[in-house]
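Asker:
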């Protein structure tokens, strides 16, 4: 093999392992907290639990895969053996499943928030726990079926095209829903301020500007994290299909492990963006972690 | 035949040197790096610059969205409202054209409006007593739910004007929300996140004023919780 000017960038196994373990711990904590505490059995928390579950699967799979690569590099495993390729297939399908599942969970959370705001008084009729269960069941079944089909039967190019299209569609839908909610919340806030005799104080304007900035910042973080973590990997997939022989593309592909670390870190920051911002969930964590032995904790 | 066997073995050992992850790569044909016009990492740099520009652009679009809409349009409404008595249902919904109709609408017409504040002196205390008796068992849970899911900019606006307007109970209670540190977050509101076993969702008549009263009770709880 010729020497390339773009050698592969190797990320040490310890980084993968750390990111995987921390994201596993966080997401598992969210899943356990939602399942165990009864007052978190509402549609919104169920969707967050499902998101955390998919992230858990993704982190476990990725960490396991890296462990196997390390073992294979050390010579303990045969790279092309039948059991290894089967295991590889299983891990690929689990990764597909967790990817599609986490995107669907994002969509479900966004739709749930949308219904909360715009159909608030009918929310309990629209989003019953039974419907939530049905939606979650559908999402999980769909992901499992897609994962098995993708890995067993389809061509790599077809998979790449499907995933990219799904990624773009879900990104666009979520973007649209959140920006619409954001705009409506602004209009409502302004209405209320006008109703209550707002606009008289300069300090009020400044404070509202401050809260607007915070809202914009939150949404930017939400989308920014999603795009920054997932886009490099998708561009990598596209480049494999589109220009495998191009030297510029080769240099992009040499950064593959960095992009995988970014993808794994999305599972790490997801709980921080979605779950840990809910005070109810934080309260439950505190109770679970610090009060497990004490009967005095309420 | 033995030569053929040896050669195939050689090929298989060569294949095992490839990285396992890149199962779909065909690494047998090396890529030539002769005659590159631009820097070799140009795609990488271009991609990240594009991504950064996109995120910053999105942030500026969002902040610009906050400045759209005309504040002067609301002033005629404001003048009208000042002349009205205080015991009036204020119907805040997402459609600007309905705002004018909102103030002449009867109390509860069951329309799917987004938010209803019931601002009235005499009924509030009465209903507060009634409803707090009814929901004393779930008060803690409800309080914690709603505290975690307020529309914080509405609260801030109410707080700011609270000193000037006698919106009883509501404003005084919402001032205590300042202690809820998480008001500074932009929580996508989920203020109807009541205990799902509650049947209040069916009971529209009690539901609208109950939002205010719940907020009062939860603000009180939040005040206690944060200490």
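Residue numbers (UniProt numbering), protein chains in the order written: chain D, 1 to 298; chain A, 1 to 227.
Built from N, CA and C at the ideal position, the CB exists for glycine as well.
1) Is the Cβ-Cβ distance between residue 63(D) and residue 94(D) less than 8 Å?
2) Strictly below 8 Å CB to CB, what residues from chain C border residue 44(A)?
3) Kindly indicate which three-state DSSP category residue 194(D) falls into: helix, strand or coil?
4) Note down, in chain order, each residue of its chain lying with its Cβ closer than 8 Å to the Cβ of residue 66(D), except the 5 sequence neighbours on either side.
5) Counting Cβ pairs, one atom from each stretch, are 3 or more of them under 8 Å apart for the stretch 154 to 169 of chain D and the stretch 96 to 111 of chain D?
6) At a Cβ threshold of 8 Å, is residue 59(A) touching chain D?
7) Buried or exposed: which applies to residue 180(A), given that a residue is buried once 16 or more other Cβ atoms fall within 10 Å of its Cβ?
8) Just the Cα atoms here: how many angstroms apart are residue 23(D) and residue 54(A)?
9) Going along chain A, which residues have a C-beta under 8 Å from residue 228(D)?
10) What does the alpha-carbon distance come out to for the pair residue 39(A) and residue 246(D)?
11) For the alpha helix (DSSP H) containing residue 114(D), name the first residue and the last one.
12) What residue does the alpha helix (DSSP H) around residue 135(D) start on, and which one ends it?
13) In chain order, what residues of the same chain have a beta carbon less than 6 Å from the beta carbon of residue 249(D), not counting five sequence neighbours either side?
14) What are the start and end residues of the alpha helix (DSSP H) that includes residue 125(D)?
15) Can you check which of these residues, 178(D), 290(D), 264(D), is closest to residue 113(D) by C-alpha distance?
16) In angstroms, rounded to a whole number, what distance separates the CA positions of residue 16(A) and residue 234(D)?
17) Less than 8 Å between CB atoms is the rule here; does residue 150(D) satisfy it with respect to chain A?
18) Whose CA, out of 29(D), 6(D), 223(D), lies closest to the CA of residue 273(D)?
19) Which of the three DSSP states is assigned to residue 280(D) in this structure?
20) Give the single residue among 73(D), 185(D), 267(D), 128(D) whose Cα lies nearest to the Cα of residue 216(D).
21) Specify whether the stretch 50 to 57 of chain D and the stretch 261 to 278 of chain D touch according to this definition: at least 3 beta carbon pairs, one from each stretch, less than 8 Å apart.
22) In chain A, what lies closer than 7 Å to residue 133(D) by C-beta?
23) Does the distance from the CB of residue 97(D) to the CB of residue 57(D) come in under 8 Å?
24) Would the stretch 277 to 284 of chain D count as touching the stretch 30 to 47 of chain D if we require 3 or more Cβ pairs under 8 Å?
25) If I measure Cβ to Cβ from residue 26(D) and keep anything under 6 Å in the same chain, skipping five residues before and after, which residues do I get?
26) To which residues of the same chain is residue 255(D) closer than 7 Å at the C-beta, ignoring the five residues directly before and after it?
27) Express the C-alpha separation of residue 80(D) and residue 74(D) in angstroms, rounding to a whole number.
28) Can you name the residues of chain A whose CB is closer than 7 Å to the CB of residue 286(D)?
29) Mapping DSSP to helix, strand and coil, what is residue 6(D)?
30) Is the Cβ of residue 192(A) closer than 8 Å to any Cβ of chain D?
31) Under 8 Å between beta-carbons, which chain A residues line up against residue 155(D)? List them in chain order, please.
32) Quick one: using the 10 Å Cβ neighbour count with 16 as the cut-off for buried, is residue 83(D) buried or exposed?
33) Please state whether the Cβ-Cβ distance between residue 139(D) and residue 172(D) is less than 8 Å.
34) Is residue 182(D) closer than 8 Å to residue 65(A) when the C-beta atoms are compared?
35) At least one CB of chain A closer than 8 Å to the CB of residue 6(D): is that the case?
Answerer: According to the data block:
1) Contact: no.
2) In the displayed structure, chain C is absent; the protein chains listed are D and A.
3) Secondary structure of residue 194(D) (DSSP, three-state): helix.
4) For residue 66(D), the CB contacts under 8 Å within the same chain, skipping 5 residues up- and downstream, are 13, 16, 17, 20 in chain order.
5) Touching, yes.
6) Answer yes: the Cβ-Cβ gap between residue 59(A) and chain D drops below 8 Å somewhere.
7) For residue 180(A), the predicted model reports a pLDDT of 40, less than 50, meaning its position is unreliable; a value from the coordinates is still stated below. Here residue 180(A) is buried: its Cβ has 16 or more other Cβ atoms, across all protein chains shown, within 10 Å.
8) CA-to-CA, the gap between residue 23(D) and residue 54(A) works out to about 27 Å.
9) Neighbours of residue 228(D) on chain A, chain order: 51, 55.
10) A straight line joining the alpha-carbon of residue 39(A) with that of residue 246(D) spans about 13 Å.
11) Unbroken alpha helix (DSSP H) run through residue 114(D): 82 to 118.
12) Counting along the chain, the unbroken alpha helix (DSSP H) around residue 135(D) starts and ends at 129 to 153.
13) Within the same chain, residue 249(D) has close Cβ partners 239, 243.
14) For residue 125(D), the enclosing alpha helix (DSSP H) stretches over residues 123 to 126.
15) Ranking the options by Cα distance to residue 113(D), first place goes to 178(D).
16) Note that residue 16(A) scores a pLDDT of 48, beneath 50, so its modelled location is shaky; the value from the coordinates is reported in the next line. Near 27 Å, if we compare the C-alpha coordinates of residue 234(D) and residue 16(A).
17) Judged by the 8 Å Cβ criterion, residue 150(D) is not in contact with chain A.
18) It is 223(D) whose Cα lies nearest to the Cα of residue 273(D).
19) Looking at residue 280(D) - three-state DSSP - the assignment turns out to be helix.
20) Considering only alpha carbons, the answer is 185(D).
21) Counting C-beta pairs with one atom in each stretch, the stretch 50 to 57 of chain D and the stretch 261 to 278 of chain D have three or more that are closer than 8 Å, which means they touch.
22) Residues of chain A passing the Cβ test: none, with the nearest at roughly 12 Å.
23) A contact, by the Cβ cut-off of 8 Å.
24) Touching, yes.
25) Correct list, in chain order: 271.
26) Excluding its 5 nearest sequence neighbours in each direction, residue 255(D) has C-beta neighbours in its own chain below 7 Å: 9, listed in chain order.
27) When rounded, the separation of the alpha-carbon atoms in residue 74(D) and residue 80(D) is 15 Å.
28) Listed along chain A is no residue with a C-beta nearer than 7 Å to that of residue 286(D); the closest approach is about 11 Å.
29) If DSSP states are grouped into helix, strand and coil, residue 6(D) belongs with coil.
30) For residue 192(A), the pLDDT reaches just 44, beneath the cut-off of 50, and the residue's location in the model is therefore unreliable, although a value from the coordinates is still provided. Output row for residue 192(A): interface = yes.
31) Going along chain A, no residue has its Cβ under 8 Å from residue 155(D), so there is no contact; the nearest lies around 10 Å.
32) By the neighbour-count rule (16 or more Cβ atoms within 10 Å), residue 83(D) is not buried but exposed.
33) The criterion of a C-beta distance shorter than 8 Å is not satisfied by residue 139(D) and residue 172(D).
34) Contact: yes.
35) So yes, residue 6(D) belongs to the interface.
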